[in-house]
Each structure stands twice: as C-alpha cells, then as structure tokens.
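Let me begin by presenting the structure, written as structure tokens, before commenting on it.
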Amino acid sequence: MRLSRYFLPILKENPREAEIVSHRLMLRAGMIKQQAAGSFSWLPLGKRVLDKVCRIIREEQDRAGALEIMMPTIQSAELWRESGRYDAYGPEMLRLQDRHEREMLYGPTNEEMVTDIFRSYVRSYKDLPLNLYHIQWKFRDEVRPRFGVMRSREFLMKDAYSFDLDYDGAKAAYNRMFVSYLRTFTRMGLQAIPMRADTGPIGGDLSHEFIILAETGESQVYCHRDYLALPVPGAETDFGNDAEIAGIVKDWTTPYAATDEMHDEDAWAAVAPDAQVSARGIEVGHIFHFGEKYSKPFGASVTGPDGKEHLVSMGSYGIGPSRLIAAIIEAFHDDAGIIWPESVAPFDVALINMKPGDQACDAVCDDLYAKLSAAGKDVLYDDTDQRAGGKFATADLIGLPWQVIVGPRGVAAGEVEIKNRRTGERETLSPADLLARFGGH
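Quick note: the sequence shown uses our numbering, first residue 428, plus one each step.
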C-alpha cells in the first residue's frame, strides 16, 4: 500500500480526552475515531489490526474444535425473560421496541440465544460435545465508558459456548478452551497468566481470567514467578486427547496466581519471596463453567446413553478483540509510539523513500515494494513528500516491526538501511541481501 493513497489521519498532538496510553496512541496513529462516548469508528490501520487479531482467534478456536456461527445483534426480550435475566440485567442493557412494539434489546451477551439454537436442533448425546462461537459486536451501556476501546459501550467480542452431557464432559470442554486461550495470546506476542476468578452468582469452581502484566494495568495481580517461564503448548497439541489437555491445565494452574479480588494472603505468604511477582495486570480473556444455569430454564436437554433426558452442562468463553488491541498497545509501546508484535502488526514493513522523485531512489523502492509484496509481506510504502523527520516519526508512531530506509547516499553506495522497531537496532544491507532476509528473492 502506498502511503500517498492510504487514509492515515495522524494527529501530532495528544488528544485531551485520552486518559491512557493505548487510547492516546490509537487516536494519534489514526486507528480509530471517537463518534460518541464509548463508541468508535475503526479506520483502515485499526481495522487491519482488528482483522489480524480475529484471524488468530478463529484459527485457535477452530483448532480446539469450536464451530463458528453468527447470531443477530438485536435479540428478543422474550428469550431473556425465559432465563430470568431481562429484568435483572440492569441499565447496562440497551432496550428498544420495533415498529410493532415488540420488546427487543441490543445484545450484551448471547447465552440465551445460543441455548435456544441448541435446544431447537440437538436431541441426542451422540451430537455432543458441541462448542459454538461467534465474533460479533456487543453493546453494554456503561455508566462511564473510559480508556478508549479498553472499556467502551460498543465492542467486538468472541464468545464461545460449550454443551456437554455431564460435568466431566463440560470440564474437558473448559480445559480445551483454557489451552486454546494460552495459544491464542502467545501467538499475539502476549504472556497471559490464567488466574482463578470469582464465579459470582453463577457458582461452581471453574473460572479463570487471563491476565497480561503491564505497568498501566487496571488491577493488582499476584503470581508465582514460574509462570514467566512455563512452556506454552505448541501447534502439535492434540485437542482430542482429554488427558493431555488436562495435564497442561494442571501445569498452568498449580503455581499461585490470583487477582486482587481472589488474593489469599496466607497462600501468598507460602510462596518464596524471590518467587513472588506482584504487578499490575490487564484482563484479556475470561472463561467459566455454569452448568445448568441456562439449560434448565430453556429445557435444553439430550437423551443420554441410558435413554433418559439430561440437561446439558454448559460453559462460556470470552475474548474481546477490540479491547485486546488496547491491551497489546499498553504492553508494547515507548515514548515514540506503538511497537506491534509481528503477528498482529497492520503492515510488516514500513518502506521509507527519503527522496521521492529521485529516479534512483524511486527505482530501488519500486523494486523492493514489488518483490516484498510478492513474497507475502504487507508493505506500507511512504512515497509522500513529507520531511525526513516526519516520515520517521510516523513510522515509529504506527509501530510497524521493520523500517526499510532508502536514501540517495545509500542508493549510490548500493545500500539500504533497516531498523528494528522493537530494539531500535539498525543495519545496512544491499537490496539483494534485504530481500533474502525477508524472503523476497
């Protein structure tokens, strides 16, 4: 993509309304535009990151055996009355009527609707286990939306829902999602620590929040230092092997880890002082098992191998892709701007032409642009007539992993310069060696 033809509305000044780093940098980098309190338009650069995050989430959900569907954003109030949540949910629910005066709502979550889908079609235990997920916009009318997309009213959510014959099956489903989440966040460059979470009125003993450590985190968390070195399951992980998956979960839940709400001072005191990690954290995912909470009021049951009807045991598993992008920025930034992990960067390479219009510079840039693109690299080619300082500031602000700098002096010497955004390291290479480095022979 040529920057001269791209829509990238960079802001030079820090927006007054931005309270935290991610909100400030997303606005400055032209990723989002605020439309109203807690409501944002995603501009081209932001949308590219959102798509990459969602692609990783989809791949790992699919790998774990979940099946993607898509449910409506507008839901019937009658479904929520069946579960008893319509009146209990509170003012965060946006309620409305259609032209026939039927009561509707903009969905804040989808337990009711997915349970209705299940009960309409599934009759036998032979059709289990089943895990259905979708990635869809939700709306919760927060009393005080804050921190940009970190806590907005309209947000993108991946929510998955598992259905199993009994608790043992539900626990196996929970474990699969647990491991899937470990892999998902690792692929985004994040080190997520699963921490036991409060199940609240849902009850049960299966609930974990996945927390990344960040100085700007919204809550205090405590964990054993072992978590910083635990191996994350690889792509070869067999999600069909319940014992293997359970073993991974055991490894990842044995050391101490707790959010402020679940912190146990006595258990914490038993952790060796040099193994204690007390830090700020950001929640990037939440999973929990709620058994028959929804299957019971909806009559969602199957015929078991004993010939009797069994209410299915359910769980739900959430990741907010839009919120997750803010969390990634909070974890990876410096004074100059964002530092994207390569897997979610909007472009792989910033190709900077220091002197557009110079025949030699243009020729080298055009050749690199064509060959890097052909090699599968996403390249943002800065062919604008902006000054050098502005070009470098833009490249650092939007945080692409690599910068390739092409100037008259280097071209005359048969060289180009590359800069690693994360480390700041610079290196001079011939164009041929650069292409070999990035696979664009």
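Ideal Cβ positions, reconstructed from N, Cα and C, are used throughout, including at glycine. Note that the structure is predicted; figures quoted are calculated from it, not measured.
Should the region 580-588 be called in touch with the region 737-753, which here means at least 3 C-beta pairs below 8 Å? By the Cβ rule, the region 580-588 counts as touching the region 737-753, because three or more pairs are nearer than 8 Å.
Residue closest to Thr681, alpha-carbon to alpha-carbon, out of Ala839, Ala670, Ala694, Ala463: Ala694
Judging by CA-CA distance, which residue of Met741, Asp775, Val480 is the nearest neighbour of Arg614? Val480
Give the DSSP-derived three-state secondary structure of Asn668 in the structure shown. coil
For the alpha helix (DSSP H) containing Tyr787, name the first residue and the last one. According to the sequence displayed, residue 787 carries Ala and not Tyr. Ala787 -> alpha helix (DSSP H) spans 786-801.
What residue range is occupied by the uninterrupted beta strand (DSSP E) comprising Thr536? That residue, Thr536, is in no beta strand (DSSP E); it is neither H nor E in DSSP.
How would you call Gly712, buried or exposed, if buried means at least 16 neighbouring beta carbons within 10 angstroms? By the 10 Å Cβ count, Gly712 comes out buried.
Would you call the CB atoms of Leu827 and Trp767 closer than 8 Å? yes
Say the cut is 7 Å; is the CB of Pro471 nearer than that to a heavy atom of the ligand ATP? Questions concerning the ligand ATP fall outside what the structure shown contains, since it holds no ligand whatsoever.
Helix, strand or coil: how does DSSP classify Arg610 here? DSSP places Arg610 in helix when its eight states are reduced to three.
May I ask you to report which of helix, strand or coil DSSP gives Glu519? Coil.
What does DSSP give as the partner residues of Leu557 in its beta bridges? Phe590
Quick one: what's got a C-beta closer than 6 Å to Ala772's C-beta in the same chain, skipping five residues either side? Here the set comprises Leu827, Pro828.
Across the region 588-607 and the region 549-568, are there enough close Cβ pairs to call them in contact, namely three or more that are closer than 8 Å? yes
Whole angstroms are fine: how far does the CA of Val838 sit from the CA of Val791? 8 Å
Cβ neighbour criterion (16 or more within 10 Å) applied to Gln786: exposed
Between the region 683-690 and the region 598-605, are three or more C-beta pairs nearer than 8 Å? no
Buried or exposed, going by whether 16 or more other CB atoms sit within 10 Å of the CB of Trp469? Looking at its Cβ environment, which holds 16 or more other Cβ atoms inside 10 Å, Trp469 is buried.
Compare the Cα-Cα distances from Phe774 to each of Ile765, Glu710, Ala706 and report the closest residue. Checked all of Ile765, Glu710, Ala706; the closest Cα to Phe774 is Ile765.
With distance defined between alpha-carbon atoms, name the residue in Glu440, Phe566, Leu452, Ser510 nearest to Ser466. Phe566
Chain C beta carbons: is any one of them nearer than 8 Å to that of Asp593? Looking for chain C here will not work: only one protein chain is present.
Burial state of Val648 (16 or more Cβ within 10 Å): buried
Boundaries of the beta strand (DSSP E) in which Glu455 is found, first to last residue: Reading the sequence as shown, one finds Arg at residue 455 and not Glu. No beta strand (DSSP E) holds Arg455; the alpha helix (DSSP H) holding it covers 448-455.
Under the three-state reduction of DSSP, which class applies to Leu827: helix, strand or coil? coil
If we call anything under 8 Å between Cβ atoms a contact, is Met531 one with Ser551? no
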